[in-house]
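Below is one structure, written out as structure tokens; comments come after it.
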Amino acid sequence: MKFTYTVAALLLFAGLLSSCGSSPALYSWGDYEQTAYAVAQNPTPERLRALGMVYEKLITQPEGLRKMPPPGLCAEYGYLLAKQGDTERGVKLLEKEAELYPESAVFVRRLIKQLKK
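Just so you know, we're using our numbering here: the sequence shown kicks off at 67 and counts up by one.
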């Protein structure tokens with residue numbers, strides 16, 4: 067009887083451990099976090115260029131299970147481009163954000179309206 071309880075407990079424990087594995091990420095953020103943090107600490111032109119390269123890679127070569135840019139990334143990059151003077155390209159990226167994530171459309175339209183003033 068004691069042996070049965072021990073075996074049952076071990077099987078239950080093994081089952082619990084096997085369910086703790088990590089699942090693959092829906093989106094890939096690549097080097098975004100480190101690069102964005104570096105820009106926030108010291109926004110030099112070189113770091114801004116590096117961040118732009120990270121944005122470009124994540125948008126043009128998305129990884130993760132969904133194979134699309136992470137939510138907010140196109141909007142963030144588009145807004146940055148618009149603020150740097152490349153309004154046309156920035157607006158295109160903002161529109162892409164609204165297309166990929168329709169729930170952001172109201173916010174994105176408001177941003178576009180402000181940028182075109």
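Glycine included, every Cβ here is placed at the ideal spot set by N, Cα and C.
Asked: Taking just the CA atoms, how far does F173 sit from E122?; Found: 22 Å
Asked: I'd like to know whether the C-beta atoms of W95 and P137 end up nearer to each other than 8 Å.; Found: no
Asked: Determine the DSSP secondary structure at G138, reduced to helix, strand or coil.; Found: coil
Asked: Assuming R115 is part of the alpha helix (DSSP H), what are its boundary residues?; Found: P111 to T126
Asked: Only counting the same chain, and skipping five residues up and downstream in sequence, which positions put a Cβ closer than 7 Å to that of A148?; Found: G156, V157 and L181
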